[in-house]
Amino acid sequence: MINVIRATLVLSLMLLVVPGCARDSTTSALQQSDIEAMADRFQAAAQAMDADAMAPFLAADVIFDFTIATREGSQRMRMDRSEYLQSIREARQATTSYEYRPGPREISIDADGRTAQVKQSSSEVMVVMGQRVSGRSDGVYRIRASADGPVIYAASGTTRLQF
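Those letters in the sequence shown? Residues -22 to -1, 1 to 141, per mature numbering (1 follows the signal peptide of the UniProt record, and there is no 0), in order.
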């Protein structure tokens, strides 16, 4: 049961980060259309649980700060980029099915045009080590322009899991 909970927590972290973005241009100002298009690409990579395809969307110094809640209580998790990507790889091994359903995005680009915030709720259903688990998440993602295009530099949120 502990392994099911651990794998589920890792999948919940992935769910919270799905609305991220990346772009293959210079450090020009962020555009909502670019964020939308790249968020769609990132969501496809997340649905496939493909850590290598997710990696370009994440800044080298990204920090993930999430709370995972169940009936038994809650746990706060903080991860850096390499820990997060490794957790996706581990989750892929433990999961036999995974379905992600994103809600509407709220994108706000800061006045400087260099940073933005994306808010999104989403739900997921998965089978982890033979057990069906569902979750509902609310996430906030901070995005900044970089030489390689926009990247997520901070992600926070809460996921409520049901076993």
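Just so it is clear, CB atoms sit at the ideal spot from N, CA and C, and this is done for glycine as well.
Using a Cβ-Cβ cutoff of less than 7 Å, which residues in the same chain neighbour residue i once the five nearest sequence positions on both sides are dropped?
i, result
"residue 135", "-7, 44, 115, 116, 117, 118"
"residue -18", "Interpretation of residue -18 is limited by its pLDDT of 49, a score under 50 that renders its predicted location unreliable; the figure taken from the coordinates is listed afterwards. Result list for residue -18: empty, nothing under 7 Å."
Using a Cβ-Cβ cutoff of less than 6 Å, which residues in the same chain neighbour residue i once the five nearest sequence positions on both sides are dropped?
i, result
"residue 2", "Here the model assigns residue 2 a pLDDT of 38, short of 50, so the residue's position is not dependable and the matter cannot be decided."
In terms of residues, what are the limits of the beta strand (DSSP E) holding residue i?
i, result
"residue 36", "36 to 48"
"residue 86", "73 to 87"
"residue 57", "51 to 58"
"residue 132", "129 to 140"
Quick check on residue i: buried or exposed, where buried means 16 or more other Cβ atoms within 10 Å of its Cβ?
i, result
"residue 75", "exposed"
"residue -4", "Note on residue -4: pLDDT 44, under 50, position unreliable in the model; no value is reported."
"residue 100", "buried"
"residue 24", "buried"
"residue 84", "exposed"
"residue 102", "buried"
Assuming residue i and residue j are in contact, meaning their beta carbons sit under 8 Å apart, how far apart are those beta carbons, in whole angstroms?
i, j, result
"residue 130", "residue 8", "That belief does not hold up - the Cβ atoms of residue 130 and residue 8 are roughly 12 Å apart, past 8 Å."
In the DSSP assignment, the alpha helix (DSSP H) including residue i goes from what residue to what residue?
i, result
"residue 15", "10 to 25"
"residue 116", "No alpha helix (DSSP H) holds residue 116; the beta strand (DSSP E) holding it covers 109 to 122."
Whose C-alpha, out of the options, is nearest the C-alpha of residue i?
i, options, result
"residue 56", "39, 105, 107", "39"
"residue 63", "82, 91, 31, 94", "31"
"residue 26", "73, 107, 97", "73"
Please confirm if residue i has its CB atom under 8 Å from at least one CB of chain C.
i, result
"residue 22", "Here chain C cannot be found, since the structure has a single protein chain."
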